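Just so we're aligned, residue 0 is where the sequence shown starts under numbering that gives the first Met the number 0, counting upward by one.
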Amino acid sequence: MGPTLTFALIFIATMLLLIAELEHRVVVALLAAVLTSYFGISYGLFKAEDIPHMMELDTLLFIVASLILFQSLEATGLFDFLSFYIVEKLKLGKGGVLSLLLILSTLFSAVCENYIAILVMANVTLYLSKIYDFNPEEPLMMEGVLGNLGGLMLPISSIPGLIVSVKKGIGFLEFMRISGPLIFILTLVSLLYYRIFLFDKIEESRVEKVIPEKEVPSIDQSIVYKSLLIFVMFVVGVAVSEQIGLPITFTAFAFVVLMFMFSGLNPAKVMSRINWEVPFFIGGFAVFVNGLEKAGVLHVIGEYTNAILGLNVETAVVMLVFICGVLSALVENVPVVLLLLPIVDDAVASMNLNPRSLYWSLIIGSSIGGGLTIYGSIPVLTAASLAEEKGYKVTVGDYSRKIMPLVFIHLVVSALYLDGLTRLNIL
Numbered sequence: 000m001g002p003t004l005t006f007a008l009i010f011i012a013t014m015l016l017l018i019a020e021l022e023h024r025v026v027v028a029l030l031a032a033v034l035t036s037y038f039g040i041s042y043g044l045f046k047a048e049d050i051p052h053m054m055e056l057d058t059l060l061f062i063v064a065s066l067i068l069f070q071s072l073e074a075t076g077l078f079d080f081l082s083f084y085i086v087e088k089l090k091l092g093k094g095g096v097l098s099l100l101l102i103l104s105t106l107f108s109a110v111c112e113n114y115i116a117i118l119v120m121a122n123v124t125l126y127l128s129k130i131y132d133f134n135p136e137e138p139l140m141m142e143g144v145l146g147n148l149g150g151l152m153l154p155i156s157s158i159p160g161l162i163v164s165v166k167k168g169i170g171f172l173e174f175m176r177i178s179g180p181l182i183f184i185l186t187l188v189s190l191l192y193y194r195i196f197l198f199d200k201i202e203e204s205r206v207e208k209v210i211p212e213k214e215v216p217s218i219d220q221s222i223v224y225k226s227l228l229i230f231v232m233f234v235v236g237v238a239v240s241e242q243i244g245l246p247i248t249f250t251a252f253a254f255v256v257l258m259f260m261f262s263g264l265n266p267a268k269v270m271s272r273i274n275w276e277v278p279f280f281i282g283g284f285a286v287f288v289n290g291l292e293k294a295g296v297l298h299v300i301g302e303y304t305n306a307i308l309g310l311n312v313e314t315a316v317v318m319l320v321f322i323c324g325v326l327s328a329l330v331e332n333v334p335v336v337l338l339l340l341p342i343v344d345d346a347v348a349s350m351n352l353n354p355r356s357l358y359w360s361l362i363i364g365s366s367i368g369g370g371l372t373i374y375g376s377i378p379v380l381t382a383a384s385l386a387e388e389k390g391y392k393v394t395v396g397d398y399s400r401k402i403m404p405l406v407f408i409h410l411v412v413s414a415l416y417l418d419g420l421t422r423l424n425i426l
């Protein structure tokens with residue numbers, strides 16, 4: 000049995016285990032990584048010393064630094080402060096607060112890394128769920144999906160967008176011109192979907208009576224303001240780190256050090272409360288996906304995709320959105336984009352297709368499609384992990400039943416949107 004068939008079987012087994020939830024997703028990811036490492040080395044696809052690189056250590060260390068920083072922010076009371084500010088100043092009912100949280104998830108993800116945005120919004124949502132007495136599971140999953148939408152606003156907001164924009168010369172203004180209206184439309188669709196299918200109207204009036212009885216917790220505002228300043232500097236530092244020649248991981252850990260220096264927190268206590276599920280899952284899954292690429296499984300998928308792109312440009316644009324979406328839900332969106340980008344280039348060169356439309360299909364399909372599954376999108380996975388840390392259970396079945404239809408609607412609307420722009424020669 001050759002390496003391609005072996006790794007195809009590992010891929011199928013891994014997907015079935017994740018869907019069936021027979022084991023925790025971290026165990027499944029690590030099992031896939033172990034099998035990938037064993038068979039990859041046995042077949043001579045890579046060496047043992049290549050495995051740390053396949054784990055994408057820079058990404059993992061950045062995630063660990065972010066988790067430490069946000070656990071520190073939680074310990075200082077910053078999220079308590081933000082939550083009570085929303086309650087006291089805006090005087091919103093439960094429906095208004097939930098809508099505001101979803102909108103802020105989109106807006107915040109548009110101006111910084113969507114992973115960072117979801118860490119903030121998820122913590123605020125968990126605090127507000129106690130005040131307004133609502134189950135945070137569904138809002139958290141919605142915020143993860145909307146974080147993917149916000150990542151479409153700028154080239155730097157998501158890795159797939161950054162890859163395509165750098166290689167194909169798509170600038171900031173074009174990103175805002177093309178993706179801005181789509182983000183607005185999809186956000187409205189999401190709010191409407193949540194209000195109709197997921198929002199519990201029964202408790203609205205009761206919640207408004209509960210809020211004034213809540214007591215504001217004791218918060219050291221000087222530490223909160225210092226923490227807020229460090230957080231703002233962190234967001235700016237991450238955004239400009241590459242421009243000034245500093246690795247993003249170095250920048251993140253620098254602000255972790257600043258947080259410990261000025262907050263007076265005990266690092267041992269903070270790190271003992273870190274949710275290690277996210278980095279372990281991503282690390283294991285990264286080894287697995289890189290193994291699929293080296294074994295040629297992704298290349299086989301790419302060959303079938305090339306045949307589909309041989310159709311007319313309007314059909315190719317629509318189909319590519321769904322192909323990217325489905326693949327990004329099963330594996331990480333970065334290798335999907337790296338795999339399909341040269342295939343799109345070949346199709347453009349050989350069949351005289353419109354390249355801009357297909358590039359945008361790659362960007363939008365890969366960014367949105369990860370939300371079809373819990374494990375296909377880092378923002379969604381992060382939100383689910385934070386919910387589980389607080390005692391809530393987000394299952395694949397519940398997510399598929401409640402949130403997957405919304406993401407599918409996003410893909411349909413996006414495909415029709417790009418098809419319309421192509422027919423109008425805007426793209």
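The beta-carbon is built from N, C-alpha and C at its ideal position, and this holds for glycine as well.
Predicted, not measured: the structure shown is a model, and the values here were computed from it.
Have a look at the options and flag the residue whose alpha-carbon is nearest the alpha-carbon of residue i.
i, options, result
"Ile425", "Glu388, Trp359, Ile130", "Trp359"
"Ala346", "Val336, Leu357, Leu337", "Leu357"
"Glu136", "Ala386, Asn122, Lys401", "Ala386"
"Leu234", "Ile222, Ala253, Val223, Ser221", "According to the sequence provided, residue 234 is Val. The question's Leu does not apply to it. Of Ile222, Ala253, Val223, Ser221, the residue nearest in Cα terms is Ala253."
"Leu338", "Glu302, Leu371, Glu173, Ile307", "Glu302"
"Tyr126", "Phe80, Pro266, Ile182", "Phe80"
"Ile362", "Leu423, Gly149, Thr394", "Gly149"
"Ala109", "Leu352, Ala315, Leu151", "Leu151"
"Gly282", "Met53, Phe6, Glu48", "Met53"
"Lys46", "Gly290, Pro404, Leu297, Cys111", "Gly290"
"Pro341", "Ala32, Lys167, Ala31, Met175", "Lys167"
"Ile62", "Pro404, Leu417, Thr381", "Thr381"
"Gly43", "Ser240, Val165, Ala383, Gly1", "Gly1"
"Pro138", "Phe183, Ser189, Phe174, His23", "Ser189"
"Ile9", "Ala31, Asp57, Met141, Arg176", "Ala31"
"Leu405", "Asn305, Asp344, Leu187", "Leu187"
"Ile375", "Leu17, Thr3, Phe6", "Just to set this straight, residue 375 is Gly in the shown sequence, not Ile. Nearest C-alpha to Gly375: Leu17."
Can you tell me which of the three DSSP states residue i falls into?
i, result
"Asp219", "coil"
"Thr186", "helix"
"Ser108", "helix"
"Glu207", "Legend: pLDDT at Glu207 = 44, less than 50; position of this residue unreliable, no value from coordinates given."
"Thr250", "helix"
"Val347", "helix"
"His298", "helix"
"Lys392", "coil"
"Phe133", "coil"
"Arg272", "coil"
"Phe261", "helix"
"Phe287", "helix"
"Ile11", "helix"
"Met0", "coil"
"Ile169", "coil"
"Ser157", "coil"
"Glu202", "Note that Glu202 scores a pLDDT of 49, beneath 50, so its modelled location is shaky; the value from the coordinates is reported in the next line. Coil, per DSSP."
"Met175", "helix"
Exposed or buried, which one is residue i when buried takes at least 16 other CB atoms within 10 Å?
i, result
"Tyr37", "exposed"
"Ser41", "exposed"
"Tyr193", "buried"
"Gly368", "buried"
"His409", "buried"
"Gln70", "buried"
"Lys93", "buried"
"Ser178", "buried"
"Gly419", "exposed"
"Arg272", "exposed"
"Leu131", "At residue 131 the sequence reads Tyr, which differs from the Leu that was named. With 16 or more Cβ atoms within 10 Å of its Cβ, Tyr131 is classed as buried."
"Leu260", "In the sequence on display, residue 260 carries Met and not Leu. Per the 10 Å Cβ criterion, exposed."
"Asn332", "buried"
"Ile11", "exposed"
"Tyr224", "exposed"
"Met120", "buried"
"Lys293", "buried"
"Ser65", "buried"
"Phe196", "exposed"
"Arg355", "buried"
"Ala348", "exposed"
Where do the ends of the alpha helix (DSSP H) carrying residue i lie?
i, result
"Cys323", "312-329"
"Phe61", "56-75"
"Gly364", "354-368"
"Glu388", "377-388"
"Gly419", "403-422"
"Gly146", "136-149"
"Met53", "50-53"
"Arg24", "24-41"
"Leu426", "First-last for Leu426: undefined, no H or E at that position."
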